[in-house]
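Colleague: Keeping their order, the protein sequence lines are chains A and B.
Count along the first sequence from 1, add 405, and you get the number used in this note's numbering.
Count along the second sequence from 1, add 336, and you get the number used in this note's numbering.
Beta carbons are placed, not taken as given, at the ideal position from N, Cα and C, and that holds for glycine.
Supplied in structure tokens, the structure appears directly below.
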Amino acid sequence: MNAADFELLSDLLRKKSGLMVTPDKAYYLESRLTPIAKQWNFNDITAMVLKLRGMADSKLIDDIVDAMTTNETSFFRDRQAFEQFETTILPHVLNKRGAKKLRIWCVAASTGQEPYSVAMFLNEQGLYDKGWNIEIVGTDINQSVLEHAREGLYTQFEVQRGVPIQYLMKYFTQKNDKWQVNDDLRSKVQFQKLNLLNPLNALGQFDVIFCGNVLVYLDRHIKADLLDRMGKQIANDGFLLLGKDETIDDVTQSFKDLSQDRGLYALTHRVHLSK
Amino acid sequence: MSKTCLIVDDSHVVRKIARKIIEDFGFECIDVEDGQVAMDECTKAMPDVVILDWNMPVMSGMEFLKNIRAMVGGDAPKIVFCTIENDIDHITHAMEAGANEYIMKPFSAEIIESKFRYIGLMN
Chain A
406 MNAADFELLS DLLRKKSGLM VTPDKAYYLE SRLTPIAKQW NFNDITAMVL
456 KLRGMADSKL IDDIVDAMTT NETSFFRDRQ AFEQFETTIL PHVLNKRGAK
506 KLRIWCVAAS TGQEPYSVAM FLNEQGLYDK GWNIEIVGTD INQSVLEHAR
556 EGLYTQFEVQ RGVPIQYLMK YFTQKNDKWQ VNDDLRSKVQ FQKLNLLNPL
606 NALGQFDVIF CGNVLVYLDR HIKADLLDRM GKQIANDGFL LLGKDETIDD
656 VTQSFKDLSQ DRGLYALTHR VHLSK
Chain B
337 MSKTCLIVDD SHVVRKIARK IIEDFGFECI DVEDGQVAMD ECTKAMPDVV
387 ILDWNMPVMS GMEFLKNIRA MVGGDAPKIV FCTIENDIDH ITHAMEAGAN
437 EYIMKPFSAE IIESKFRYIG LMN
């Protein structure tokens with residue numbers, strides 16, 4: 406791919422979705438976008454870029470963004486996050502909350518494995534039985550993964566990556582060669598399309614935000630701005646969960662890591678108060 | 337001392353693949369071709385975990401499971417079915433008979449690892 410085409414595409418991705426593509430990942434851009442160019446009947450990426458320089462169809466831009474999003478996920482993927490949920494977050498929530506209300510946001514929910522894992526986890530912890538009013542919201546920029554998520558239909562390979570057999574028997578129903586999340590569990594999770602560059606206000610306030618393996622794909626300035634805006638969508642005593650190797654200490658002032666718990670963050674002013 | 341794994345499958349290829357994966361996890365492995373030979377091995381020494389095929393000549397996985405669970409000390413090994421049988425009836429039957437986990441073939445290293453973690457064999 407020539408430098409000018411690369412520049413236009415990486416600029417477009419950053420502006421439309423916040424995704425960051427560095428020049429060393431040009432091959433990646435090429436391998437993912439060549440099929441899109443073919444689908445839209447362009448001879449090659451250069452021809453597609455020429456179109457993008459003029460009046461581009463917004464559907465084409467959506468397709469390009471969708472092709473570049475990483476949808477890799479699995480059930481209970483981030484074990485550390487669920488351990489922290491159990492050992493740090495839940496005891497806090499159970500002690501401090503008079504109203505039995507809990508709102509959870511899975512940022513970049515992809516095909517839904519994470520929000521469904523959260524629902525299974527909370528059910529196993531007995532929160533639904535104890536009458537808690539729980540909302541789990543999964544968002545993603547990619548419409549097609551959200552449709553997959555809502556359907557809750559997974560291959561044998563996908564369910565075996567992380568679902569213990571007892572949970573498979575309890576929460577899934579076999580549909581031919583696939584497994585579908587039971588209606589009861591599906592009703593516990595809502596999915597909606599969301600571009601993280603757009604305002605987040607309409608989402609309301611959350612007690613827990615799962616944001617593992619998301620920020621790593623974003624441009625640094627966008628990451629900082631997003632974290633500041635997330636800070637406004639989180640309850641005063643809420644928690645932000647990142648992937649186990651992720652840190653945001655050098656990116657934002659809004660959140661501070663809770664000592665000894667890597668990947669677990671809370672609002673900065675609150676961490677200071679409690680110390 | 338490393339944990340021990342007994343791999344029971346009538347397919348030489350499956351045994352070889354499973355063995356490679358599980359040895360990479362740091363387990364000491366023995367592999368055998370049917371439930372009867374597996375019983376003989378368990379009489380000598382109980383493994384920490386058994387990877388168990390269902391359909392095998394001489395003694396099936398289900399017969400082996402029932403036999404070993406009836407043996408003195410036979411409740412100790414973790415038993416993980418690993419079979420082409422992938423319907424809910426087989427799974428339920430296996431779990432009720434005392435299996436600890438269940439893998440539907442084909443498997444991958446990632447799947448075995450996640451199952452081993454859930455039954456406390458790996459951190």
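Tell me whether Thr703/A is buried or exposed, calling it buried when 16 or more other Cβ atoms sit within 10 Å of its Cβ.
Modeller: The requested residue 703/A does not occur in the structure, where chain A is confined to residues 406 to 680.
Colleague: Is the shortest distance between the beta-carbon of Ile357/B and the beta-carbons of chain A less than 8 Å?
Modeller: No, no contact with chain A.
Colleague: Which residue wins for smallest C-alpha separation from Val344/B, given the options Pro442/B, Val385/B, Met407/B?
Modeller: Ranking Pro442/B, Val385/B, Met407/B by Cα distance to Val344/B puts Val385/B first.
Colleague: Express the C-alpha separation of Arg355/B and Met382/B in angstroms, rounding to a whole number.
Modeller: Each residue's alpha carbon lies about 18 Å from the other.
Colleague: Leaving aside the five residues before and after Ala514/A along the sequence, list all residues of the same chain whose C-beta is less than 7 Å from its C-beta, in chain order.
Modeller: So the list reads Pro520, Gly543, Thr544, Asp545, Ala554, Phe596, once near-sequence residues are dropped.
Colleague: Could you list which residues in chain A have their beta carbon closer than 9 Å to that of Met431/B, in chain order?
Modeller: Within chain A, the residues near Met431/B are Ile570, Gln571, Met574.
Colleague: Cβ of Gly567/A less than 8 Å from any chain B Cβ?
Modeller: Answer yes: the Cβ-Cβ gap between Gly567/A and chain B drops below 8 Å somewhere.
Colleague: In terms of residues, what are the limits of the beta strand (DSSP E) holding Arg508/A?
Modeller: Run containing Arg508/A: 506-511, per the beta strand (DSSP E) assignment.
Colleague: Considering only DSSP beta bridges, list what Ala402/A is partnered with.
Modeller: What the structure shows of chain A is the stretch from 406 to 680, and residue 402/A is not part of that stretch, so it cannot be assessed.
Colleague: Determine the extent of the alpha helix (DSSP H) in which Met635/A is found, giving its start and end residues.
Modeller: 625-637 is the extent of the alpha helix (DSSP H) around Met635/A.
Colleague: Using a Cβ-Cβ cutoff of less than 6 Å, which residues in the same chain neighbour Asp662/A once the five nearest sequence positions on both sides are dropped?
Modeller: The residues are Tyr670.
Colleague: With contact counted as at least three CB pairs below 8 Å, one residue from each stretch, are the segment 640-654 of chain A and the segment 604-617 of chain A in contact?
Modeller: In short, these stretches touch, since the Cβ pair count reaches three.
Colleague: Rounded to the nearest angstrom, what separates Met473/A and Thr439/A at their Cα positions?
Modeller: So the two alpha carbons sit approximately 11 Å from each other.
Colleague: Is Glu437/B helix, strand or coil when you go by DSSP?
Modeller: Correct three-state label for Glu437/B: strand.
Colleague: Name the two residues that bound the continuous alpha helix (DSSP H) containing Val619/A.
Modeller: Note, Val619/A: premise wrong, no alpha helix (DSSP H); not H, not E.
Colleague: In chain order, what are the residue ranges of uninterrupted beta strand (DSSP E) at least 3 long that sit wholly in the segment 370-431 of chain B?
Modeller: The qualifying runs are 385-388, 414-419.
Colleague: Applying the 10 Å Cβ sphere with the 16-neighbour rule, what's the burial state of Gln489/A?
Modeller: Classification of Gln489/A: buried, given that the 10 Å Cβ count is 16 or more.
Colleague: Please report the straight-line C-alpha distance between Lys680/A and Leu599/A, rounded to a whole angstrom.
Modeller: Here the model assigns Lys680/A a pLDDT of 48, short of 50, so the residue's position is not dependable, and the following value carries that caveat. C-alpha separation (whole angstroms): 35 Å.
Colleague: Could you tell me which of Ser444/B, Met458/B, Cys378/B, Asp425/B sits nearest to Leu401/B, measuring between CA atoms?
Modeller: Among Ser444/B, Met458/B, Cys378/B, Asp425/B, the Cα nearest to that of Leu401/B is on Cys378/B.
Colleague: Using CA atoms only, rank isn't needed, just tell me which of Thr578/A, Leu602/A, Leu608/A, Arg484/A is closest to Arg566/A.
Modeller: The option with the nearest alpha carbon to Arg566/A is Arg484/A.
Colleague: Assuming contact is defined by CB atoms lying nearer than 8 Å, are Leu605/A and Arg625/A in contact in what I supplied?
Modeller: Cβ distance not < 8 Å, so Leu605/A and Arg625/A don't count as in contact.
Colleague: Taking 7 Å as the cut-off, is the CB of Gln595/A close to at least one heavy atom of the ligand ZN?
Modeller: No copy of the ligand ZN occurs in the structure displayed, which carries no ligand at all.
Colleague: Is Met440/B close to chain A, meaning its C-beta is less than 8 Å from at least one C-beta of that chain?
Modeller: Met440/B counts as touching chain A.
Colleague: DSSP three-state call for Ala452/A: helix, strand or coil?
Modeller: Note: Ala452/A maps to helix in three-state DSSP.
Colleague: Taking a Cβ distance cut-off of 8 Å, strictly less, list which residues of the segment 552-564 of chain A are near chain B, in chain order.
Modeller: Against chain B - using a Cβ distance shorter than 8 Å - the residues of the segment 552-564 of chain A are Gln561, Phe562.
Colleague: If you check the beta carbons only, do Val656/A and Leu632/A fall under 8 Å apart?
Modeller: Yes, the Cβ-Cβ distance between Val656/A and Leu632/A is below 8 Å.
Colleague: In this structure, how does DSSP classify Lys580/A when only helix, strand and coil are distinguished?
Modeller: If DSSP states are grouped into helix, strand and coil, Lys580/A belongs with the strands.
Colleague: So if I threshold CB-CB distances at 8 Å, which residues from the segment 406-427 of chain B count as touching chain A?
Modeller: Against chain A - using a Cβ distance shorter than 8 Å - the residues of the segment 406-427 of chain B are Asn422, Asp423, Ile424, Ile427.
Colleague: Please tell me whether Leu623/A and Leu424/A are closer than 8 Å, where the distance is taken between their beta carbons.
Modeller: Their beta carbons are under 8 Å apart, which means Leu623/A touches Leu424/A by this criterion.
Colleague: Can you tell me whether Leu457/B is helix, strand or coil according to DSSP?
Modeller: Coil.
Colleague: Would DSSP call Ala640/A helix, strand or coil?
Modeller: Of the three classes helix, strand and coil, the one that applies to Ala640/A here is strand, per DSSP.
Colleague: Between the C-alpha atoms of Asn436/B and Gln571/A, what's the straight-line distance to the nearest angstrom?
Modeller: Distance between the alpha carbons of Asn436/B and Gln571/A: 9 Å.
Colleague: What are the residues in the segment 475-490 of chain A lying within 7 Å of chain B by C-beta distance?
Modeller: Taking 7 Å as the Cβ-Cβ cut-off against chain B, none of the residues of the segment 475-490 of chain A qualify.
Colleague: Grouping DSSP H, G and I as helix and E and B as strand, with all else coil, what is Val656/A?
Modeller: DSSP places Val656/A in coil when its eight states are reduced to three.
Colleague: Under 8 Å between C-beta atoms, does Ile447/B make it to chain A?
Modeller: It does; some Cβ of chain A falls within 8 Å.
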